[in-house]
Ligand code: GLN
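Residue numbers (my numbering): 621 to 796.
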C-alpha cells in the first residue's frame, strides 16, 4: 500500500517535493480508484471549501469517510487539510483563517519537544479550537496548539511542506 497525496487543488506539488527528498514512493490521488491503492493520504493546504466541493463531486468524500471508519486510511492534513480532518471526524474544531488573512501570513519557530526548532509557515492558517483532551498536542505557536494527532489523524495548521524540513512527513510515514 502506498502513500497518496490528494492532488485536486492546493499545495500538493510541495508535498511531493518533500516525499521525493526523503525517497518515498507516492501516488497523486485524483480519483476514487486511486484511493484503493493507498493506506495513508496527505491532504494539502489550499482552500478547504473548494477541496470539499471537489471531493464530493468526484465521489471521494464518502469513500474517504468509509475508509476512515474501517481504519483503512490514515490522514495527514495541512492547513486546509487540517480543516477537512475535523470534518472527517478528528476531535478538534477550527476557526478558519483564525491566524489572520493572507497579509498576516508569517513564519516562525514552533515550540515542540518532538520537532525541535521546526519552522512553521502560516498562510491564512486555521486556529484549532475545542480540542478534545484525548488529542495529542505535538507543537505549539505561543499558547496555540498547531500540530495535533488524534488517532489516525495528524493535523497541522501550518505548512510543513513549505519549510523544506521533512521531519513531520517522516513521522507520518514511519511512526504513524
Ligand atoms: N484558511 C484556508 C481555508 O479555509 C486554508 C488556508 C491554507 O490552506 N493555506 O481553507
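Ideal Cβ placement from N, Cα and C applies to all residues, glycine included.
With DSSP collapsed to three states, give me the class of residue i.
i           : result
residue 761 : strand
residue 727 : strand
residue 741 : strand
residue 820 : Because the chain is modelled from 621 through 796, residue 820 falls outside the range shown and cannot be assessed.
residue 734 : coil
residue 678 : coil
residue 661 : strand
residue 642 : coil
residue 653 : helix
residue 632 : helix
For the alpha helix (DSSP H) that residue i lies in, which residues bound it at each end?
i           : result
residue 689 : 681-689
residue 782 : 780-783
residue 796 : From DSSP, residue 796 is part of no alpha helix (DSSP H); its letter is neither H nor E.
residue 626 : Unbroken run through residue 626 is the beta strand (DSSP E), 622-626; no alpha helix (DSSP H).
So, residue i versus residue j, is the Cβ gap smaller than 8 angstroms?
i           : j           : result
residue 662 : residue 648 : no
residue 744 : residue 776 : no
residue 659 : residue 683 : no
residue 798 : residue 748 : Outside the shown range of the chain, which is 621 to 796, sits residue 798, and nothing can be said about it.
residue 781 : residue 631 : yes
residue 646 : residue 633 : no
residue 750 : residue 794 : no
residue 710 : residue 666 : no
residue 656 : residue 622 : no
residue 755 : residue 783 : no
Which residue marks the beginning of the beta strand (DSSP E) containing residue i, and which one marks its end?
i           : result
residue 750 : Taken as a continuous stretch (DSSP letters only), residue 750 belongs to no beta strand (DSSP E), as it is neither H nor E.
residue 773 : 773-776
Going by DSSP, name the residue or residues bridged to residue i.
i           : result
residue 701 : In DSSP, residue 701 forms no bridge with anything.
residue 667 : Note: residue 667 sits in no beta bridge, so no partner.
residue 713 : 749
residue 767 : 759 and 776
So, do the stretch 669-683 and the stretch 699-712 have three or more beta carbon pairs nearer to each other than 8 angstroms?
Enough Cβ pairs lie closer than 8 angstroms, so yes.
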